[in-house]
Amino acid sequence: MPGSRPFAAVGRMLSRASRDDDDSLTLGGSVSVVDRELAAESADADLSQDHESAETVPESAEDQDSEQHSQGVPHESGKLGNLVPKALEFVPPRHRWRSLLVAFLRLLFLTRSAPKLPASLAAVVAAIWAVVAGLILSLLVAVVAQVEQPITVAPWLWLAGHHMGFSTSNGVVTLLPLGLMLVCLLPLHRAGRFASRQFGEQTQAPVLLGLMTYVMGVAAVTLLWGSGQFSLVTAFVAGVICALVAGWWGWRRETGRTARSPILKGARWALAVPLVLGVLVIMVGLVASWDAVVSVQSTVAVTTGEQVGLVLLQLAFLPNLVVWAGSYALGSGIAIGNETISPFADSAPAIPDLPILQILPTQSPDWTAMLPILVAFGAAMAAMRVQRMQPIHELSRRLIRALLLSGLIGVSWFVLSRLAGGSLGTEQLNYLGPSFGSAALAAVVCLAGTVIWALLPTIASDAKPVAIDLRDRVARKRDPNDVDPAINDDRVDPHA
Numbered sequence: 227m228p229g230s231r232p233f234a235a236v237g238r239m240l241s242r243a244s245r246d247d248d249d250s251l252t253l254g255g256s257v258s259v260v261d262r263e264l265a266a267e268s269a270d271a272d273l274s275q276d277h278e279s280a281e282t283v284p285e286s287a288e289d290q291d292s293e294q295h296s297q298g299v300p301h302e303s304g305k306l307g308n309l310v311p312k313a314l315e316f317v318p319p320r321h322r323w324r325s326l327l328v329a330f331l332r333l334l335f336l337t338r339s340a341p342k343l344p345a346s347l348a349a350v351v352a353a354i355w356a357v358v359a360g361l362i363l364s365l366l367v368a369v370v371a372q373v374e375q376p377i378t379v380a381p382w383l384w385l386a387g388h389h390m391g392f393s394t395s396n397g398v399v400t401l402l403p404l405g406l407m408l409v410c411l412l413p414l415h416r417a418g419r420f421a422s423r424q425f426g427e428q429t430q431a432p433v434l435l436g437l438m439t440y441v442m443g444v445a446a447v448t449l450l451w452g453s454g455q456f457s458l459v460t461a462f463v464a465g466v467i468c469a470l471v472a473g474w475w476g477w478r479r480e481t482g483r484t485a486r487s488p489i490l491k492g493a494r495w496a497l498a499v500p501l502v503l504g505v506l507v508i509m510v511g512l513v514a515s516w517d518a519v520v521s522v523q524s525t526v527a528v529t530t531g532e533q534v535g536l537v538l539l540q541l542a543f544l545p546n547l548v549v550w551a552g553s554y555a556l557g558s559g560i561a562i563g564n565e566t567i568s569p570f571a572d573s574a575p576a577i578p579d580l581p582i583l584q585i586l587p588t589q590s591p592d593w594t595a596m597l598p599i600l601v602a603f604g605a606a607m608a609a610m611r612v613q614r615m616q617p618i619h620e621l622s623r624r625l626i627r628a629l630l631l632s633g634l635i636g637v638s639w640f641v642l643s644r645l646a647g648g649s650l651g652t653e654q655l656n657y658l659g660p661s662f663g664s665a666a667l668a669a670v671v672c673l674a675g676t677v678i679w680a681l682l683p684t685i686a687s688d689a690k691p692v693a694i695d696l697r698d699r700v701a702r703k704r705d706p707n708d709v710d711p712a713i714n715d716d717r718v719d720p721h722a
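Take any residue in the sequence shown, count from 1 to its spot, add 226: that is its number in my numbering.
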């Protein structure tokens, strides 16, 4: 080692000096003082030369480290350790285990700081995580609801969260709560966001692999816990649809690619109008029918566990009820069996013994007939918002935009009504939910509002000459003595 050369020179000098001293003592001082001084000077010269060569190594290493640091190269630590890379330094086992544990926890919760994985492995991990997280959420719901054998009920709840109908002794039940879909959509949404961070530019093959893995998980749970009630074909279709919709939603949210089309934004605003009116109808019905709700709640559920379970069930059905009330606001009404509740119906059907259904307006007040007009007005306002984002002036293009908006609203409402409605398996309750014509009526009502918006500039431009002529005729018939002073001031000749 270069740094050991000075110490070797000193050692040789000391040994030589001690040996010379011994010789001088034994031989009677045969070595002269001049020789000793010359030897000491040569040893000092060797020592200074070795010391300078040893100092040049750290300086060059420091210069090299500074250059590497300026170029983004990792720094090598230590004075004499500058020559040793960090990878060769000793890391205690405790620190290694702690770093591995932190990386595992980040991967367990799919955080943003999770370690980077290969695209195929990340797809499989995200799909398996979505299945396991959905089952855990379903288990928590079953435990909070205080149901018997929650471990057996949790897979059933998770499969029902995919909106899969199941068979009973009374028939096939397809009326499923929309709130229960959160147990599968939320994990898929998070898995989609994780996948968007991991995949990078490789998307097609990993997405297909993750989709196949998730569908296989749904099929496995169906075979193990729901083979007698759930159909395997339905499980395959529902798994594909839920994974694509929720995963794509999470992917778009993570990348920031939200919907920027003015038509899509306008359809979303117009679709929110009947839903908001539905919430208002529910609030009014809850205030008016609170006593009936409490009475049915105490009759159906007796124990505390039954009360908690019934409350959770009604909260899960609350999004369904909002869509039902929105169909009521459109004017098509709510179908209960073979009868309908609507603002224009004279009679009301029998309501099932579920507390939340007691808030439905069985006796429609007179003001409810104005709700479809409000929906049309909301569609016209949505069309005006679209016009501000993307102005067009030709009448033909405005009419085409009105048709597109109405068509999107009709299709969206059809999907919502099919998800919110269904059968309870009995003959009297073979269907509960929005009426079958609610989607068509939503399109027609919104089309009326958007067409009025499209024709309004043309009507105004055509009516402008008529309005000017009427104003002139009225001005001529006015009394000449009854003249506005402002008009007289304007008519004064400034050169007079």
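Every residue gets a Cβ at the ideal spot worked out from N, C-alpha and C, and that includes glycine.
Alpha carbon of residue i to alpha carbon of residue j, nearest angstrom
i	j	result
L658	P587	15 Å
L600	G511	19 Å
R702	L696	10 Å
V537	S558	29 Å
E414	H619	The amino acid occupying residue 414 in the given sequence is Leu; Glu does not appear at that position. Each residue's alpha carbon lies about 43 Å from the other.
A551	L326	52 Å
S487	P344	34 Å
A609	L631	8 Å
M615	K491	10 Å
G633	D698	44 Å
Q424	A646	35 Å
L434	R338	23 Å
T481	W475	10 Å
K305	S346	In this predicted model, K305 has a pLDDT of only 41, less than 50, meaning its place in the structure is not dependable; the value taken from the coordinates is given anyway. Going from the Cα of K305 to the Cα of S346 covers about 44 Å.
V459	L336	30 Å
P500	H321	58 Å
L363	L682	52 Å
L547	R324	50 Å
A606	S568	24 Å
W384	Q372	16 Å
E565	I694	54 Å
R733	A602	The structure shown has nothing for residue 733, since the chain only spans 227 to 722.
P575	T652	16 Å
T429	A472	16 Å
A356	A680	46 Å
L470	G418	9 Å
M596	A668	15 Å
S515	I585	6 Å
Limits of the unbroken alpha helix (DSSP H) element including residue i
i	result
P598	L597 to M615
I377	P376 to G387
W323	P319 to L334
F640	L621 to A646
P413	L408 to F425
Element boundaries [beta strand (DSSP E), containing residue i]
i	result
F392	F392 to T394
P660	L658 to P660
Close Cβ partners of residue i (< 8 Å) along its chain, the five nearest in sequence each way excluded
i	result
P341	A329, R332 and L333
G648	G391, V399, T400, L401, L402, Y657, L658 and G659
L449	L458
Q540	L580, P581 and I582
6 Å CB neighbourhood of residue i in its chain, flanking five on each side removed
i	result
C410	G360, G387, H388 and C468
A353	G436, T439 and Y440
S590	P569
Reduced DSSP secondary structure (H/G/I, E/B, other) of residue i
i	result
G436	helix
P403	coil
E480	helix
T566	strand
G178	Not covered by the structure: residue 178. The range shown for the chain is 227 to 722.
R702	helix
V369	helix
A518	helix
V398	strand
A576	coil
G675	helix
G443	helix
I467	helix
A669	helix
I560	strand
T594	helix
7 Å Cβ cutoff, residue i in contact with chain D
i	result
L361	Chain labels in this structure do not include chain D; a single protein chain is all it has.
Own chain partners of residue i with C-beta closer than 7 Å, once the 5 adjacent residues on each side are dropped
i	result
S553	G559, I560, S643, P660, S661 and S664
R611	G492 and W495
heavy atom of the ligand GTP below 6 Å from residue i C-beta
i	result
M438	Judged by which ligands are present, the structure shown has none, so any question about the ligand GTP falls away.
Should the stretch 514-533 be called in touch with the stretch 572-583, which here means at least 3 C-beta pairs below 8 Å? Counting Cβ pairs under 8 Å, three or more are found: they touch.
Is the number of C-beta pairs between the stretch 504-522 and the stretch 450-465 that are closer than 8 Å three or more? Result no; under three Cβ-Cβ pairs closer than 8 Å.
Mind the definition here: the stretch 635-652 touches the stretch 668-682 only if three or more C-beta pairs lie below 8 Å; say whether that holds. Yes, the stretch 635-652 is in contact with the stretch 668-682.
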